[in-house]
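Engineer: Quick note: the sequence shown, position 24, residue 24 per the UniProt record's numbering, numbers continuous. This structure is in structure tokens; I'll ask about it shortly.
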Amino acid sequence: MAFRYQERVEICKKQEGFLGSYYCATLLAAVGINRYIVRYENRWVQGGARQMTEVLDADEVRPQPPTISCTNFSVSDKVDAYVNYAWWVGRVTRKIEPIRTYCVSLDNGGIEVQVPPSKMRIHLDWEDGRWVLPMNRILSI
Numbered sequence: 001m002a003f004r005y006q007e008r009v010e011i012c013k014k015q016e017g018f019l020g021s022y023y024c025a026t027l028l029a030a031v032g033i034n035r036y037i038v039r040y041e042n043r044w045v046q047g048g049a050r051q052m053t054e055v056l057d058a059d060e061v062r063p064q065p066p067t068i069s070c071t072n073f074s075v076s077d078k079v080d081a082y083v084n085y086a087w088w089v090g091r092v093t094r095k096i097e098p099i100r101t102y103c104v105s106l107d108n109g110g111i112e113v114q115v116p117p118s119k120m121r122i123h124l125d126w127e128d129g130r131w132v133l134p135m136n137r138i139l140s141i
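This is the structure we're talking about:
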């Protein structure tokens, strides 16, 4: 997929410790036909003086998913939870009332975190240029 200059994208790192995470970034340039330079929104160089930039392979860059309004999740729903400045893939394990937060078991390491619905979204996969829900249904947008 070709991206435009300054387009907001998500980065799906393939390195240990980052698997299952999506970092928000802005596309700065294409490098050849299979690489991009991006600037992260919430990753900083040492000391926090400036935002980190990185050259990435095309398979680590995807468009930002469409916004799907959802604040009510069920146990076992596959979701992305916004934790430590990134979206992490996981599954809802329980709902905590009355404070209305959810426990999410993250796929990367099985760590369980408590997340309010405002920091959650339905997980979508980017496959062959289209958004796909976890149950293999194609999302029309």
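In this text, a Cβ means the ideal position worked out from N, Cα and C, and glycines have one as well. On a predicted model such as this, the values are computed, not experimentally measured, just so you know.
Would you kindly check if the distance between the Cβ of V113 and the Cβ of A81 is under 8 Å?
Structural biologist: Along the sequence shown, read from residue 1 onward, the residue named residue 81 stands at position 81. Along the sequence shown, read from residue 1 onward, the residue named residue 113 stands at position 113. Contact: yes.
Engineer: CA-CA distance, G129 and G109?
Structural biologist: Looking up residue 129 in the sequence shown gives position 129. Looking up residue 109 in the sequence shown gives position 109. Those two C-alpha atoms are separated by around 29 Å.
Engineer: Where does the unbroken beta strand (DSSP E) through R43 begin, and where does it stop?
Structural biologist: By one-based count along the sequence shown, residue 43 stands at place 43. First-last of the beta strand (DSSP E) with R43: 35-44.
Engineer: If you reduce the DSSP assignment to three classes, tell me which class A58 lands in.
Structural biologist: Working through the sequence shown from its first residue, we reach residue 58 at position 58. A58: helix per DSSP, three-state reduction.
Engineer: Give, in chain order, every unbroken run of the beta strand (DSSP E) that is at least 3 residues long and sits entirely within the UniProt domain "Agenet" (71-128).
Structural biologist: Qualifying beta strand (DSSP E) stretches, in chain order: 78-83, 86-96, 101-106, 112-115, 120-122, 125-127.
Engineer: On a Cα-Cα basis, can you pick out the residue from M135, I122, E127 that is closest to residue 147?
Structural biologist: The question about residue 147 has no answer here: the residues shown for the chain are numbered 1 through 141.
Engineer: Could you check how far apart the C-beta atoms of R7 and Y22 are, in whole angstroms? I think they sit under 8 Å.
Structural biologist: Looking up residue 7 in the sequence shown gives position 7. Looking up residue 22 in the sequence shown gives position 22. The sequence shown places Glu at residue 7, rather than the Arg named in the question. Not confirmed; about 15 Å, so no contact.
Engineer: By the DSSP assignment, the beta strand (DSSP E) with L133 in it spans what residues?
Structural biologist: Taking the sequence shown and counting its residues from 1, one reaches residue 133 at position 133. Taken as a continuous stretch (DSSP letters only), L133 belongs to no beta strand (DSSP E), as it is neither H nor E.
Engineer: Cα separation between C103 and V92?
Structural biologist: On the sequence shown, position 103 is the one that residue 103 refers to. On the sequence shown, position 92 is the one that residue 92 refers to. If I take the Cα positions, the gap works out to 6 Å.
Engineer: In whole angstroms, what is the alpha-carbon distance linking A30 and C12?
Structural biologist: Numbered from its first residue, the sequence shown carries residue 30 at position 30. Numbered from its first residue, the sequence shown carries residue 12 at position 12. Distance between the alpha carbons of A30 and C12 is about 17 Å.
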